[in-house]
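> Here the sequence shown is numbered in our numbering, starting from 862 and rising by one per residue. C-beta: ideal position from N, C-alpha, C; glycine also.
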Amino acid sequence: MLFKKLLNEDFIEADYEYLLTFRCTKWIEKLDQTKAFFSKMDANIPQHIYDAWDKAAAEIKASKDKYGDEIKPGA
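Structure follows, in structure tokens:
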């Protein structure tokens, strides 16, 4: 209903679930790639940026351990 009202799109539940599922491993990989990219591009990135990326990855891993690799909407 929300998508129909705001976007004029019909979504079946399977589409909604697929699009809004949080994929833990993929996000951790993206964070790792981001860290690697910026460490090559600029050696002067402040440590607190890396700390924030590491903290985010740790929180995602904790969620993965609790809910599984793919966290469905409403979990």
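Could you check which residue in Trp914, Ala875, Asp871 has the C-alpha nearest to that of Thr895?
Taking each of Trp914, Ala875, Asp871 in turn and checking the Cα distance to Thr895, the smallest one comes out for Trp914.
> Quick check: the Cα distance between Met902 and Ser924, rounded to an integer number of angstroms?
Roughly 30 Å separates the two Cα atoms.
> Going by beta carbon distance, what residues of the same chain come within less than 7 Å of Ala917, once the five residues before and after it are set aside?
Excluding sequence neighbours, Ala917 sits near Leu892.
> Quick check on the DSSP output: the alpha helix (DSSP H) that includes Ala923 runs from which residue to which?
For Ala923, the enclosing alpha helix (DSSP H) stretches over residues 908-928.
> Along the chain, where does the alpha helix (DSSP H) that runs through Lys901 open and close?
885-902 is the extent of the alpha helix (DSSP H) around Lys901.
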